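Following: one structure in C-alpha cells, then a few remarks.
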Amino acid sequence: MTVEQNVLQQHSQKHQQTLLNQLREVTGTNDIQLLQQALQASNGDLAEAVSFLTEKNAKAPQQEEAYFHTGQTSNDRYISVGSQADTNVIDLTGDDKDDLQRAIALSLEESNRAFRETGITDEEQAISRVLEASIAENKASLKRTQGEVWSDSINPYDRKRQESCPVGLKNVGNTCWFSAVIQSLFNLLEFRRLVLNYVPPTDPQDVPQNQKERRNLPFMRELRHLFALMVSSKRKYVDPSRAVEILKDTFKSNDLQQQDVSEFTHKLLDWLEDAFQVKTEEERDGEKPKNPMVELFYGRFLAVGMHEGKKFENSEMFGQYPLQVNGFKDLHECLEAAMVEGEIESLQAENSTNSAKSGQEHWFTALPPVLTFELSRFEFNQALGRPEKIHHKLEFPSVLYMDRYMDKNREITRIKREEIRRLKDHLTVLQQRLERYLSYGSGPKRFPLADVLQYALEFASSKPVCTSPVDDVETAPPNSTTAPQTTVRQESPMDQGPLAATDAPCTPPLQRSVVHKPFTQSRVPPEIPMHPAPRHITEDELRVLEGCLHRWRMEVENDTRDLQESIARLHRTIDLMYTDKTMMQVPYRLHAVLVHEGQANAGHYWAYIHDHHQGRWMKYNDIAVTKSSWEELERDSFGGYRNASAYCLMYINDTERYLIEEEFDKETGQVLTGMNTLPCDLKEYVRDDNRKFEKELQEWDAQQEKKAQQEKMEIHTTQREPHGASTSGKELEYLEQPSAKDLSNVCEGDTARTVTKAATEYDDRGPEAALQAVMLTPTMQGIIMAIGKARNVYDRHGPEAGFFKAFTAEYSRLVRLAQEDTTLENDNRLKHVVVYFLHNEAPKKIIERTLLEQFADRNLNFDERCRSVMKIARAKLELIKPKEVNMEEYEKWHHEYRTFREISICIMIGLELFQKKSYNEALMYLIHAYQYNKELLSKGIYRGHDEELMSHYRRECLLKLNEHAAALFESGDDQDVEEGLTTMNELVVPCLPLLLVDEMEEKDIVAVEDMRNRWCSYLGQEMEPNLQEKLTDFLPKLLDCSTEIKAFREPPKLPSFSTHELCERFARVMASLSRTPADGR
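If you're matching positions, the sequence shown starts at 274 in this note's numbering and goes up one per residue.
Here's what the structure looks like:
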C-alpha cells in the first residue's frame, strides 16, 4: 500500500469513527457492534441508521442483544474496545416519533454537510469550542474586577523558580486539562526529546497544503518553545497562551464549554502523529517510515470471537484504551471485563453446536511503551437528560503486570480464568450461606442468627412471672400514686373499686391525699422485670431449652467462623492466581495519574507524576508544583473521597529504560541537564526570555532600593529634629500623648496633686490602682507614676538621681507586666510597646531608647519635677551616638508593633461585625488579619495573635457567606440569584486558595469541600434553564483547586483608636467569645 493510500484509508477510518460518534450521541447506545451494523445496513446514511436502531428497539425491546463483529480488518485506533454492551437505547417510538426522526435527520444532514464543506469533524469543532472559551476567558480577565482576576504577584521574586524545582503552567482560563496532559507528556523524557529535537520539513513540497494539516507546523513550533521554557526557564511558571492560541485559530466555533481531557489527548496525539508523519516521510530512505508517535503510544490487539456460529479474528490498533469503571473495584477487574465480551464458552469449544451464543475476546499482541487507560467515570442519565459522574472507589497498582492479557499467554490465561470462574462460583455459594447466618429472619429486619439464639437464651433464663404485662398496671388520675400490686387481678381500666380481700389493704382512691414524688412517681415498680420473661416454665423445660439454645449457638458460631475462613482462603487463592513468575514478565510502572474533581459538566484537572530519578510523586496543579506521596495520590485518585478521582492512567513499560533515561554527552559521557539538552535555536529562545525576566527582577530591585533610600532620608530627617525626637507621634500612635493644647486647662497645682495621688495609690494599693487614679494614656500614666514614686530620691539627691530612679521603676513595672499570663481578654502587649518588645526579646538598646523617648516627651510638663526629668531624658537622647543604636532595626521593630496593633484592630472589628452577622463586611477584616498575623507569627510565636482562633472565624465567616449565597440561589429570584453569585465570585471564591494553600489544615480543607458539595448538589436537581446556565458558568471557578492566590479587595481602612479604647474594646470582644465558644474551636 502506498503512502497516499494509507493516508486516504486513515481519513476514511476517522470519518467512519465520526459517524459512529454522532450515532452514539443521538441514540444513546454505546454498543459499537450494533452501531456498525446500523451504519452498514444504511450504507453510511445516518438518518436511516437512526431509523434502523429505532425500529429494531421498538420491535424487540426485550430481545437479548447480539454481539457482532465484522469480518473486515479495521485500523481504527479509537474504537471503543472493551466496553460492556448497553441495551438502554433511547426510545424514539412515541407519538412524536416521526417529528423527532425528521429533526434528527435534519441535524445529521447539516452536520454531514458541514464536514463535506470544511473537512472539519464534530470532534475538532468541540476542540475549537473549548479553545475559544480558554482564549476568551484569558482576554476577558484583563477587563475583570480586582476581585475576580487571577493575577500574577507584583513581586517577580514570588514568580522566580527555585533551583531544580519543576516549572508550572499558568491556567489561562479553563485550561487546567491542558496543563495536566502537557505536564504528563513533558515528564516522559523520550517524548520531551522528540518534541525538542523536532525539525520542521525543509522541502517545500513536503509542507502540507491541507487546511486540516497546516495547523501542525505552527503548533509544533509553539509546543517546542513551551517545552524549552519548562526545561530551563527561570520563572516559577510559564504562560501556554500562544500554544492554546494556535489550537484555537485552527477551527471556528461559537459554543463555549469545558474540554474533556481524554478527547483532548486523543486529538493532541493525532496532531503530533500528523506532524511527525511529514518528518518521517521526508527522512525515508527506501524503507517504510516509522512514526515515533505511533511507536510510542499505539499498540495492537487481536479480536477473537464468534458470531452466530461463525468465528472471526481481527487485528486492530489502539491508542488510549477505554475502561468502564461502574461495577468494578480495581483496575484488573476493569481490564478483565474489557477483554471478554459476551458468552465466551463457545469460543473455546471446537465442536460447539450452540450457534446462538456470540462473544469475543481481546488479546494484546503488541503493547506500546506508553500504555494509557481512559477511565470512563461519566455516564448519561437518560431520566434527567444529562451526564453524571461516577464517584465510587477504583483501586489501581503502582506496577501493573500485563502478562495475563497477552496473546502469547492466551491458553494459560484461559485456564486460569476458568479456575477463577469456578472459585468465584464457589465463593458466591459460600457468601450466600454466610449471609443467611448473618441476616436471619423472614421480615424486613434481620439479625445475626447467633444473636437471635443468644436473645432467646436470655429470655428463657429470665425470672418467670405470673402477671400479665397490662393487668398489674392500675389506671389512676395523673396526680395520684399507684399502689403496688402483689397478686394477679383482672380489673377494668375504669374500675375504681376497692382491692380484693387478698390484696394488701389501702385507702380508696377518693380518700387518698395526693403526694407528689418527682423522683419516684414515674418509675416502674421494682417487682416488675425490666425485660420480658416467660410466664410459665418448669425447671426441666428450662434446663433442656438452655442446653439446646447454648448448643445451637455454638454450632452457629462455628459454622459462621468456618464460612468466613473459607471465603478468606478463596479470596487469597484468587488474588495469588497470577503471581507466579511466568505471569510477571511484562511490568508496567505507573507514570502519571490525571485527576478530575467536580461533576460531569464542571470541574478541575490536575496530575500526579512520578519522578523516576528521585523516586517520589509530584503534584502538578497549574502553577503549583509540590512534592506529594502515594498516600495523597490514593486519597485523591481512587475515588470515593470528596468529588475527586482518576480519569486517566499513564503506565510505561518498566523494561524500556530509554523512556525515562537522561541524555548523555557523547564525548564526555556526562549527563546533560537544563540548557544543555536544548537545540541551539531553543537555547537562544530561552535565554532571551530569561533576560527579560532578569530585567524585571532588576527593575524591581531598583524600585525597592529607591524606596529604601527614601525611607532612610525620612529617618535622617526625623533624627535631625530638635531634642532627638526620632519618631513622630503620628507614626507611633501607640505612644500617643496629650498635646500641650489639650493640657492647657490643667493647672500645675492639679497636676501636682494628680502625681502625688498616683504615687500614694502605688504605695498603698499597687500599680493597677495608681493607673486608674489618672485619666491619661497608659504610657503617660506609667511615666507619671514612676516620677511620683521617685519623688523622695529627687528631693534628696537631685533631678539626675530622680530620673534614674523613675526610669528604673518604670522599666521594672513593664517587666512585671510582661511576665503576667497573657489571655484573650487581657493582652498586655496592647497596653505598651515595651511589653511587646520584652515578649519577643527585642535588643536591649531598642527597649532602652524607646523608654527614654517616652521620658523625653515634650508633653511631660506638668510641674517642675516632670520638666526636669524630661530635660534630662532629652539630654540622654542627644548623647546616644548613631553607632550605638541601629536606627533601621529600631524602625523595623516599631513598624512591626504598628502592624500588631493594626492586626488587633482588624480582629476586633471583624469579630464585632461577625457577631452582628454582617459577614460581608467582617470577611475582609478577618482575611487580612489572618494573613498579616501569619507573617508576624513566622518570626516568633509571640509576635501575633492566636492563629487557631483567627483561622476558625475566617472559616466560619466564609461558611456563613456560602450558606447565605446558596439560599439566595435557591430562591430562584433573578435579583437574589445575582446577589448570591456575586457574593461567591467577589468574596468567597477568591479566598478559597487561602484555605487550600496549607494542606495540613484539615478543617479548612473540609470547609472548602462542604462549600463545593453544597453547590455541586444542585447539579442533580431540576431548575430553570437560566439557573442551570449560571450554575454551569460558576462551578468551574468554585472547583478550581489551584492554590494560586487570587487578588481580592484592598485591606479596609482602619480607624484610629487610643490605647485605652483599643484595650477596652478588644477585651470586651474577646470576653464575649469566651462566653459563647464557637463549635470546632
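C-beta atoms are modelled at their ideal positions from N, C-alpha and C, and glycine is treated no differently. Every value quoted in this text rests on a predicted model; they were computed, and no experiment measured them.
- Below 8 Å, enough C-beta pairs join the segment 1123-1135 and the segment 1051-1065 to call them touching: three or more.
- Collapsing the DSSP output to three states places R845 in a helix.
- According to the DSSP secondary-structure assignment, V1142 is paired through a beta bridge with no residue.
- Taking 8 Å as the upper bound for CB-CB distance, W544 and N470 are not in contact here, some 18 Å apart.
- Of the residues E1251, Y1170 and L1232, the one whose Cα lies closest to the Cα of K1212 is Y1170.
- Assigned with DSSP and collapsed to three states, Y878 falls in strand.
- Three or more Cβ pairs closer than 8 Å define a contact, and the segment 660-676 meets that threshold against the segment 910-917.
- Considering only N1235, A548 and H580, the residue with the shortest C-alpha distance to P565 is A548.
- With a 10 Å radius around the Cβ and a threshold of 16 neighbouring Cβ atoms, A981 comes out exposed.
- With a cutoff of 8 Å on beta-carbon distance, L1260 and L1234 are scored as near each other.
- For K666, no alpha helix (DSSP H) run applies, since DSSP gives it neither H nor E.
- Beta bridge pairing from DSSP links K433 with R508.
- Beta-bridge annotation (DSSP): S649 is paired with Q597.
- Looking at the DSSP output, R1287 bridges to nothing.
- Between the beta-carbon of P1051 and that of V1142 there is about 18 Å, and that puts the pair past the 8 Å contact cut.
- Shortest Cα-Cα distance from A1091 to any of E905, R1102 and E1083 involves R1102.
- When DSSP states are grouped into helix, strand and coil, R862 belongs to the strand group.
- Excluding sequence positions up to five before and after H1112, its CB lies within less than 7 Å of the CB of A1091, R1102 and Y1215, all in the same chain and listed in chain order.
- In the DSSP assignment, Y1203 falls within the unbroken alpha helix (DSSP H) covering Y1192 to L1210.
- With contacts defined as CB atoms closer than 8 Å, V672 and D927 qualify as a contacting pair.
- Close CB contacts of Y1109 within its chain, under the 6 Å cut and outside five residues either way in sequence, are with R1102 and Y1170 (chain order).
- Beyond the five residues adjoining it in sequence on each side, Y710 comes within less than 6 Å, by CB distance, of L722 and T833 in the same chain, given in chain order.
- The Cβ-Cβ distance between L700 and I925 does not fall below 8 Å.
- For S918, the secondary structure class from DSSP, reduced to helix, strand or coil, is strand.
- F937 carries a strand assignment under DSSP once its states are collapsed to helix, strand and coil.
- The continuous stretches of alpha helix (DSSP H) do not include K443, and DSSP gives it neither H nor E.
- Sixteen is the threshold: when 16 or more other Cβ atoms of the shown chains lie within 10 Å of the Cβ of C1179, as they do, the residue is buried.
- Here N926 carries a strand assignment [DSSP, helix/strand/coil].
- In the three-state DSSP reduction, D1249 falls in the helix class (H, G or I).
- In this structure, K1149 places its C-beta atom within 8 Å of the C-beta atom of L1125.
- In this structure, D884 and N444 do not form a Cβ contact; the two beta carbons are roughly 22 Å apart against a cut-off of 8 Å.
- Rounded to the nearest whole angstrom, the CA to CA distance from D848 to Y674 is 13 Å.
- Rounded to whole angstroms, Y861 and F669 show a C-alpha spacing of 12 Å.
- Residue pairing by DSSP places S588 opposite L575 in a beta bridge.
- The alpha-carbon separation between R687 and Q837 amounts to approximately 28 Å.
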